[in-house]
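Residue numbers (UniProt numbering): 1 to 959.
For every residue, glycine included, the Cβ atom is placed at its ideal position computed from N, Cα and C.
Here the structure comes first, spelled out in structure tokens, and everything after it is commentary.
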């Protein structure tokens, strides 16, 4: 039996070709049946089992349909053979027989049926008869489309599109058949996009298909009998575009449209079960995007009317999902058994067999990883290899099978040391990497597989080449047309790639600069795009600048970049910084990029004279990840570990081996990667009286997301103060729904006096989003004392809690000025940039989910990207009372230093040392005196972190 999607398309086409009074048409429509929706995983599994129990009734009914089809073919063939040579409706007879043979092909996969169907319909088109030429052209296109869909004949696909266009041109706009032709043209364009287009680079076919369906649905009367069909097709096109671009708006639109299609049909409509199934698939997509369990429950829809193999596959998939959620091996074992049955029930030649084999291979691979049984891995390799062999080379889905097979062979090599497995794995990974029409994420995963193989082969040159290819592919994951949240989701799927690429470069003997440039290209790509300043381009080449802002897909972007970079002065437009610019960025102090990879860990040290790497042999990716997951990152044990394995070797290499004898403190910028991004490097050390074995007692520390961020921040001079310069001060001592912050008001009160000594005019507007964002562009300092919230799923939605936070929160997206709602964004004048954003709240520099660590998106960075030259925030929960002293001492240091770039970091450094020393002099029993639940925490929810040093989490980001 055909898989679900092909079955739907085939039946829709069959019903359209067969006359309405034909009894075979009635049989096709009744076969579609009904779906009963359920909302719980266990209920879904029980319902799927019940659906399987109806096997005998279904098979009997299916056999009856086949008997009818054979009889229809026999009578149609007899009509064609016995018609006189001058019979005026000969073309109609040949069209009808061709259509029936095409239906039988879908059931039997007999190529002779498809070939004869195409020949008959082609002859009908060539006949000069009174018969409607558009009908024949359309039927020919329909038969050719089957060849395209089933055997991936690109030539058939192109011809089908050509003929259906001709059929549409030959059909009056008032003809009811025209809408159906438009629908099928849209489907053909979508299929050609997936099977032949450069995936995610040129969406011309997909966008045209979407436009055709949208226009058809808009023009159709609300009560038109085919409106629901058009809506369903349009909804599915939005889904396919979502799968291509990850634009969440497309996913939501698909859900809305298919819901409308369902709502406009009666409950016993024969297509309703399939549309419900489509809706369930969309809810599954949204669950995979958001992790919302409600979407998973909505996605589970049993369908007792699907073909037998599809029902089995449905149950097997549900059990696999349950295993992934619970880890219960019994669910996985049953999933494997059911999927085997589904494969056995799939007829030879059915394209659904490939996906079912691939699913079984993944399930067996999961069981191997769970139990270590090599027999499972052997079978996984066998069935996945069969899936690869059955998939046409130009099929975009082939890349996932190739990657699965490569991973399984690599796993077997790690067990058996059979070099042939490793060599074969590399061949499969390379094939996936260089399949141009494959999903970008699949090609990047193939590169990751090659890098992993480098660990066994020591062929790091090959790993380096694969990683550079993958890094160059990252921009294709985030076309400019996407919303920023969609870009964050897409880029998070390749976290760690840049670090692995840099490790491969160093292992391959490349220069530290080569490794550094891979990190600069592969990390922080979304922030770089937001940071992009095209003001010079607007002044000198306004037309190119306008095109840059409007460009939609990657192919157009690539071409436009070539044009821009040919202009004098724009040779390095949006490129990674050159060696000269990187070294110049370290003029104010060394920049330390710490690369943490599964394959090695190194520090890349950048000074104004040199770029070198220092191996960190005692820093281990797995160890760092586990420590980050356990939390308690301010514990003395963690700070000492950081000193021993990271900070001390780096400071020794830089020559910072003791505490400065005067007040000329060296200034170091830290750029950690991977799991190390969560750790307080500035606080690393063995803290006790008179100790100098600490970062705090040797250097001042700042952080950055990348060297590009430092370079960009220094493009403009330090903003000059005027008599009208403002300090925007916000105290949220009372926040709706949260604990009172007793010291927030005191913090702002003390800063009032300090700000006046800085020649700043303190202002305290209404504490709502609208008032705050209207004042930020006009201020030099923005100080917020209150609660903060980190969003686990989308860091752009992390926010500061103002009085209206429940309805209109002040998010990172708003601060970035790139919010999807234009009214909610800011417009900061680059000629009058603000100086400092001080976020005295919990976790404003925190990254909860490691998959977002490469992008380093949090509230602190949001402030920097929006225009603030400096930003101070926190890595985790902070104490309300300590916040007052930390802020006061920091601002006093800024005042004494003349409000220069250095004065911000020096002020926070002095504050941290003073509070650290105060902590060291506190009796041991009192060091942990402030605990969660005492009303002193600026956290809106319980944290897992202990607070042995309340001074630890405060950090500075800036130039």
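Check                                                                                                                        : Outcome
Span of the beta strand (DSSP E), counted from its first residue to its last, around residue 761                             : 761-763
Under the three-state DSSP convention, the category residue 842 falls into                                                   : coil
Per-residue burial, residue 682 [other beta carbons within 10 Å of its own, 16 or more giving buried]                        : buried
Which listed residue (617, 670 and 377) has its alpha carbon closest to that of residue 607                                  : 670
Cβ contact check for the stretch 655-672 and the stretch 885-892: 3 or more pairs under 8 Å                                  : no
Backbone secondary structure at residue 805 - three-state DSSP                                                               : coil
Beta-carbon spacing of residue 911, residue 893 below 8 Å                                                                    : yes
Beta-carbon proximity check, residue 842 vs residue 874, cutoff 8 Å                                                          : yes
Three-state class that DSSP yields for residue 605 in the structure shown                                                    : strand
Close beta carbons around residue 588, own chain, < 7 Å, minus the five adjacent residues each side                          : 667
Helix, strand or coil at residue 247 [DSSP, three-state]                                                                     : coil
Residues of its chain near residue 952, where Cβ-Cβ distance is below 6 Å and the 5 sequence neighbours each way are ignored : 634, 680 and 683
Three or more C-beta pairs below 8 Å linking the stretch 857-864 and the stretch 891-910                                     : no
Inside the stretch 392-428 only - alpha helix (DSSP H) runs reaching at least 4 residues                                     : 398-416
At least three beta-carbon pairs within less than 8 Å, the stretch 570-582 to the stretch 643-652                            : no
Presumed contact (8 Å Cβ cut-off) between residue 507 and residue 600, rounded CB distance                                   : 6 Å
Anticipated Cβ contact below 8 Å, residue 915 with residue 859, distance rounded                                             : Between residue 859 and residue 915 the Cβ distance is about 22 Å, and since that is not below 8 Å, they are no contact.
Per-residue burial, residue 592 [other beta carbons within 10 Å of its own, 16 or more giving buried]                        : buried
Meets three-Cβ-pair contact criterion under 8 Å: the stretch 743-761 and the stretch 801-809                                 : no
CA-to-CA distance, residue 173 to residue 180, given in whole angstroms                                                      : 12 Å
Inside the stretch 714-785 only - beta strand (DSSP E) runs reaching at least 3 residues                                     : 726-731, 761-763 and 779-785
Nearest candidate by alpha-carbon position, reference residue 693, set 645, 857 and 360                                      : 645
C-alpha gap between residue 257 and residue 236, whole angstroms                                                             : 9 Å
Between the CA atoms of residue 166 and residue 372 - distance to the nearest angstrom                                       : 58 Å
DSSP three-state assignment for residue 680, whether helix, strand or coil                                                   : coil
Residue 711 beta carbon less than 8 Å from that of residue 617                                                               : no
Start and end residues, alpha helix (DSSP H) containing residue 388                                                          : 374-390
Local conformation of residue 899 per DSSP, three classes                                                                    : coil
Paired residues, beta bridge with residue 614 - DSSP                                                                         : 603
Whole-angstrom distance between residue 583 and residue 605, CA atom to CA atom                                              : 10 Å
Residue 287 versus residue 494 - alpha carbon distance                                                                       : 19 Å
Identity of the residue in 409, 473 and 457 nearest residue 435 by Cα                                                        : 473
Residue from 876, 738 and 72 with nearest C-alpha to residue 628                                                             : 876
Rounded C-alpha distance that separates residue 364 from residue 412                                                         : 13 Å
Backbone CA spacing between residue 767 and residue 783 [nearest angstrom]                                                   : 12 Å
Alpha-carbon to alpha-carbon, residue 105 and residue 116                                                                    : 10 Å
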